[in-house]
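> In mature numbering (1 follows the signal peptide of the UniProt record, and there is no 0), the protein residues as written are -21 to -1, 1 to 1065. Note that beta-carbon positions come from the ideal geometry of N, C-alpha and C, so glycine has one too.
(1) In or out: residue 583 buried (at least 16 other Cβ within 10 Å) or exposed?
(2) Assuming residue 506 and residue 546 are in contact, meaning their beta carbons sit under 8 Å apart, how far apart are those beta carbons, in whole angstroms?
(3) Considering only residues of the same chain and omitting the five flanking positions on each side of residue 320, which have a CB-CB separation below 6 Å?
(4) Which ranges would you report for the alpha helix (DSSP H) in the segment 847 to 889 if only whole runs of at least 4 residues count?
(5) Within this structure, are the beta carbons of residue 660 and residue 562 separated by less than 7 Å?
(6) In the structure shown, what three-state DSSP assignment does residue 339 receive?
(7) Roughly how many angstroms separate the alpha carbons of residue 183 and residue 394, rounded to a whole number?
(8) Which same chain residues, not among the five before or five after residue 881, have their C-beta less than 7 Å away from its C-beta?
(9) Please determine, among 267, 596, 772, 827, the residue with the shortest C-alpha to C-alpha distance to residue 474.
(10) Just mark residue 764 as buried or exposed, buried being the case when its beta carbon has 16 or more other beta carbons within 10 Å.
(11) From which residue to which residue does the alpha helix (DSSP H) around residue 980 run?
(12) Entirely within the segment 366 to 409 and at least 3 residues each: give me those beta strand (DSSP E) ranges in chain order.
(13) Between residue 758 and residue 664, how many whole angstroms is the CB-CB distance? I'm expecting something under 8 Å.
(14) Could you check whether residue 427 and residue 402 sit closer than 7 Å to each other, using their CB atoms as the reference points?
(15) Taking the straight line between their C-alpha atoms, what separation do you get for residue 199 and residue 13?
(16) For residue 694, is the classification buried or exposed, using 16 other Cβ atoms within 10 angstroms of its Cβ as the cut-off for buried?
(17) If you count every other CB in all the chains shown that lies within 10 Å of the CB of residue 649, and 16 or more means buried, which is it?
(18) For the putative contact between residue 414 and residue 443, defined by C-beta atoms under 8 Å, what is the C-beta separation to the nearest angstrom?
(19) Drop a sphere of 10 angstroms on the beta-carbon of residue 851, count the other beta-carbons inside from all chains shown, and report buried for 16 or more, exposed for fewer.
(20) Is residue 300 buried or exposed, if buried means 16 or more other CB atoms sit within 10 Å of its CB?
(21) In terms of DSSP beta bridges, what is residue 504 paired with?
(22) To the nearest angstrom, report how far apart residue -2 and residue 89 are at their CA atoms.
(23) So for residue 908, helix, strand or coil by DSSP?
(24) Roughly how many whole angstroms lie between the Cα atoms of residue 10 and residue 59?
(25) Round the Cβ separation of residue 31 and residue 53 to the nearest angstrom and send it over; I've been treating them as touching at under 8 Å.
(26) Looking at the structure shown, is residue 638 part of a helix, part of a strand, or coil, going by DSSP?
(27) Hey, would you say residue 128 sits closer than 7 Å to residue 159, going by beta carbons?
(28) Going by Cα to Cα distance, which pick from 731, 769, 555 is closest to residue 671?
(29) Would you kindly work out how many angstroms separate the C-alpha atoms of residue 357 and residue 388, rounded to a whole number?
(30) Determine contact between the segment 833 to 840 and the segment 743 to 752, defined as no fewer than three beta-carbon pairs at a distance below 8 Å.
(31) Please classify residue 726 as buried or exposed, where buried requires at least 16 neighbouring CB atoms within 10 angstroms.
(32) Using DSSP with H/G/I as helix, E/B as strand and the rest coil, what is residue 1027?
(33) Mind pulling the alpha helix (DSSP H) runs of 4 or more residues that sit fully within the segment 573 to 600?
(34) Excluding the 5 residues preceding and the 5 following residue 751 in the sequence, name in chain order all residues of the same chain whose CB lies nearer than 6 Å to its CB.
(35) By a C-beta neighbour count over all protein chains shown, 10 Å radius and 16 as the cutoff for buried, is residue 986 buried or exposed?
(36) On the criterion of 16 or more Cβ atoms from any shown chain inside 10 Å, does residue 656 qualify as buried, or is it exposed?
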């Protein structure tokens, strides 16, 4: 009926139209010789009167009105040359074709002009170009709405949208009508085609796209409703680059309702064939998609065939993506097709997909991914050189099924998965591979993965089995068994806050049904009984390459200390339980329970807790910033004892003498780590096991030969004799008057050696000064096991040995005249000299022996108390045991020698005046007078007290240098003390106008005193990371005065040095153990 209506309308319109003919259209008819010629605007208003006419366009036709072609037939718009065009300055102008037939547009160039055809048929467009605008996109378009039997050939669309819509006819016809749409040699550039077919069964639409090219950011979208159609796309090319998500898109739209027309004997089957076409270099290649999950709403049966196509190099989205949302009537067949170099290829939510002779290669994210789909393999399916994570070649997930017919043939070659299944990955929960017949060929070659090089998750346990072309394959599956790698684990015992550590192996079933190593997520449960344990953590476990056991699995329980047994359970989603018992013990010594943050953990106990001290119960380590000693008072107490142990007494004291100055980490069973120079035990007071205290320093070293002690003792004995002989032979005695200043200088420099000089600076001068102080100046191991106690006895022994030698010589002189004549008058002065040489050494030793330290003890179940320890070796209790003997001897030496000797020298004039009045005292005085005269002989009579004054001047300097804990921290105090003493001595000497009878002796003594003043002053001025020797200070002073800088200048004097941060200064002020000069330089005697 509708067709009859159209014929009637055309008849009446023809009767009213002008006669048929040829017309010429041009905006410049004056230059056109053909007639009739008019501008397009003359004809555009109503072209219905020009039936059976041809319009020849010459040149450009610019028009601002619509070209209205309503109810026309047999009208042709033809351009006579390439310059022929219809152009509009406004994008709102159109060529309107309505209720017309047999309209031809050929050889035209239409610019910025819409073409709209509605309810028309037999429209032909050939050899034409359509040009729109770049911005906004797709605003210029060709719209074909129920335009039937359309032919578009040899045409180009540039920035031009094509919208083709097929709707149902108003009423159903008697028989099924057939209409066509043919696009041949059509090219789209920056354009798009949208074809919507929801005409139902009111007619059958046949669409052919031949040599159809989508290039340069173009796309084609087919929206298919429940309609009857037959589409064929052949020799097409889709290359739209990276703008549109997919270059080619088929979308099933169920909401497009249509009129239901039924024709007996006509099957409702619609086909969509894509053949010999290319989909390459796009963002996404080919997409078959359905919007929503509305199964059963389409009554037609749809068959989509993709044949002999190439889908390649689609770089961002999928090369092939099929998602039909379980649309039952849709069947998709892919044959003789190659999927090459795409980002991925995905089939999901589909249940009727068949593949035959398909090659999938060089895919970057799994060759083919199946999700909730049923895919049938009818012939050869090849996967080559694909990569992925779960499945390099094929990944079957989420209840998907891969069905292989008897003619199927699978090949997986050179595929790689970074995780599981280099060739095939099957997610075991519901996913499967189904063989419809036995001996289906399966080739697995050179595939690789972290787990399951060839297959992951598939076990051949069915009656129909593959025919493996290479039986030696690598495969495994999800974890089914959990095993402990450690044998004889027994009960584990931990402290609160510590972790339980296990090495666990997971096993899954391989292709042949045997157990093989795999990885998986371990569920950790904790509780009293295995079956009632609660899930507390999920951890990932994988085998190590070397042992196949998992990497370390750690779990930190949260239980208070108790005697209860807990159980830790390991399982996976598919495996049986495996468990281990453990006990949480009370915190060890130095730690106490802390639950302030909701977890039970052993933290620093109150006895250890202080600023910059941290405790780690996991490693049982304690860390502090150095110059601190933390340990047990009774070092034999077992570290594994709990904090409730009766012997658990903790010492937490500053330790500036022998402790490491930098941050240190240690355990309470290895407190020696806090000590330097191989020292150890309580507060670093003794040497570590296997080490002995060295003579010449306070360091500890190893004695390699026990027989060397005899040699060293013999050497010391000989050296003592040689020293006495040298003093006698060279008359190097105090009676000359030149030694007082030198000995004072040598004593002070030795005491202040860590302040004045860097370690190792001027070794020759340092050695001479050591000898003057009766020190040998080099480190030796006297015997194995030597400690501070024995060493202090030796400090007393050597001066006494020298005294004995000279006393023996004096006695021999009295008995034998020859010896007396040989020695002359030097014996007594030598004895006096040895007394003076020994004075500083003995006073220093006495101070060390009598030095006490009060140490606070933090004991369990006891109040805080203090104990008295010997400062030099805190392993020895003060004035108790063996130290009591040494203590008594030191007091005896102080009482019977140091105090009388000091008083005799200082008050000799007083004694001489007053003792002469008493016969008994005078007799005693006369015995000691030769010794006193040896000191005061060079002095003026009124200044005979001067040697005693120099002796007294040594005492504050000696005490301050001996008793300080750290020269680094007390440097300014020590220098101030020394400068004060020197200033007093120099002031008195200046006031007295010289105390020696010889002027040279005054000059020599003043020179030594000034030398000490300069050294002390420069040490204050040049306080730096390292200490300057006095020779270097002089060098620095000269360089500053003359403003010279040599290449080999000491870096300490380089004024161009960059400023150091506070941390850098601290690290260099408190150097490492090899550079740290402690009180050893004060107490070294040999």
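In terms of the structure at hand:
(1) If you number the chain shown from 1, residue 583 lands on position 604. Buried, because 16 or more other Cβ atoms sit within 10 Å of the Cβ of residue 583.
(2) Here residue 506 corresponds to residue number 527 of the chain shown, with the count starting at 1. Here residue 546 corresponds to residue number 567 of the chain shown, with the count starting at 1. That pair is a contact at about 6 Å.
(3) As a working note, residue 320 is residue 341 in the chain shown. These residues qualify, in order along the chain: 291, 292, 341.
(4) Counting whole runs of 4 or more residues, the segment 847 to 889 contains the alpha helix (DSSP H) stretches 861 to 872, 878 to 885.
(5) Taking the chain shown and counting its residues from 1, one reaches residue 660 at position 681. Taking the chain shown and counting its residues from 1, one reaches residue 562 at position 583. In this structure, residue 660 lies away from residue 562, with their beta-carbon atoms at least 7 Å apart.
(6) What you label residue 339 is simply residue 360 of the chain shown in a count that begins at 1. DSSP places residue 339 in strand when its eight states are reduced to three.
(7) Residue numbering aside, residue 183 sits at position 204 when the chain shown is read from its first letter. Residue numbering aside, residue 394 sits at position 415 when the chain shown is read from its first letter. Here the C-alpha atom of residue 183 lies approximately 46 Å from the C-alpha atom of residue 394.
(8) One-based indexing of the chain shown puts residue 881 at position 902. Only 927, 930, 931 meet the Cβ criterion.
(9) Here residue 474 corresponds to residue number 495 of the chain shown, with the count starting at 1. Distances from the alpha-carbon of residue 474 to those of 267, 596, 772, 827 put 596 closest.
(10) Locating residue 764 in the chain shown gives position 785, where the first residue counts as 1. The residue is exposed, with fewer than 16 neighbouring Cβ atoms inside 10 Å.
(11) Start at 1 with the first residue of the chain shown, and residue 980 comes out as number 1001. 978 to 1000 is the extent of the alpha helix (DSSP H) around residue 980.
(12) Runs of the beta strand (DSSP E) inside the segment 366 to 409: 366 to 369, 373 to 376, 380 to 383, 388 to 392, 395 to 399, 403 to 405.
(13) Residue mapping note: residue 758 aligns to position 779 of the chain shown, counting from 1. Residue mapping note: residue 664 aligns to position 685 of the chain shown, counting from 1. With 8 Å as the limit, residue 758 and residue 664 do not qualify as a contact, their Cβ atoms being about 19 Å apart.
(14) Along the chain shown, one-based indexing puts residue 402 at 423. Along the chain shown, one-based indexing puts residue 427 at 448. The answer is no: Cβ separation not under 7 Å.
(15) Here residue 199 is taken as the residue at index 220 of the chain shown, counted from 1. Here residue 13 is taken as the residue at index 34 of the chain shown, counted from 1. The straight-line gap from Cα to Cα measures roughly 42 Å.
(16) Taking the first residue of the chain shown as 1, we reach residue 694 at position 715. With a 10 Å radius around the Cβ and a threshold of 16 neighbouring Cβ atoms, residue 694 comes out exposed.
(17) Indexing the chain shown from 1 puts residue 649 at position 670. Answer is exposed; the Cβ neighbour count stays below 16.
(18) The residue you call residue 414 lines up with position 435 of the chain shown. The residue you call residue 443 lines up with position 464 of the chain shown. 4 Å between Cβ atoms; contact.
(19) In the chain shown, residue 851 corresponds to position 872, counting from 1. Answer is buried; the Cβ neighbour count reaches 16.
(20) Reading the chain shown from its first residue, position 321 is the one you call residue 300. With 16 or more other Cβ atoms within 10 Å, it is buried.
(21) Position 525 of the chain shown, counting from 1, holds the residue named residue 504. In DSSP, residue 504 forms a bridge with 514, 548.
(22) The residue labelled residue -2 in the question sits at position 20 within the chain shown. The residue labelled residue 89 in the question sits at position 110 within the chain shown. Spanning the two alpha carbons is a distance of roughly 25 Å.
(23) As a position in the chain shown, residue 908 is number 929, starting the count at 1. In the structure shown, the three-state DSSP call for residue 908 is helix.
(24) Numbered from its first residue, the chain shown carries residue 10 at position 31. Numbered from its first residue, the chain shown carries residue 59 at position 80. C-alpha separation (whole angstroms): 15 Å.
(25) By 1-based counting over the chain shown, the position of residue 31 is 52. By 1-based counting over the chain shown, the position of residue 53 is 74. About 4 Å separates the Cβ atoms of residue 31 and residue 53, confirming a contact at the 8 Å cut-off.
(26) On the chain shown, position 659 is the one that residue 638 refers to. For residue 638, the secondary structure class from DSSP, reduced to helix, strand or coil, is strand.
(27) As a first step, residue 128 is located in the chain shown; it is residue number 149 there, counting from the start. As a first step, residue 159 is located in the chain shown; it is residue number 180 there, counting from the start. Residue 159 sits close to residue 128, with the two beta carbons spaced by under 7 Å.
(28) Your numbering for residue 671 matches position 692 in the chain shown. Closest by alpha carbon: 769.
(29) The count along the chain shown starts at 1 and reaches residue 357 at position 378. The count along the chain shown starts at 1 and reaches residue 388 at position 409. The straight-line gap separating the alpha-carbon atoms of residue 357 and residue 388 is approximately 8 Å.
(30) In this structure the segment 833 to 840 does not touch the segment 743 to 752; the number of beta carbon pairs closer than 8 Å is below three.
(31) Stepping through the chain shown from its first residue, residue 726 is reached at position 747. Looking at its Cβ environment, which holds 16 or more other Cβ atoms inside 10 Å, residue 726 is buried.
(32) Here the question's residue 1027 lines up with position 1048 in the chain shown. Low confidence applies to residue 1027: its pLDDT is 41, below 50, so where it sits in the model is not reliable, and the reading given next is rough at best. Correct three-state label for residue 1027: coil.
(33) Taken in chain order, no unbroken stretch of alpha helix (DSSP H) lies wholly in the segment 573 to 600 with a span of 4 residues or more.
(34) Numbered from 1 along the chain shown, position 772 holds the residue referred to as residue 751. If we look at residue 751 and ignore the five residues flanking it on each side, its Cβ neighbours are 725.
(35) Taking the first residue of the chain shown as 1, we reach residue 986 at position 1007. Residue environment: residue 986 is assigned as exposed (fewer than 16 neighbouring CB atoms within 10 Å of its CB, all protein chains considered).
(36) The residue labelled residue 656 in the question sits at position 677 within the chain shown. Of the other Cβ atoms in all chains shown, 16 or more fall within 10 Å of the Cβ of residue 656; this residue is therefore buried.
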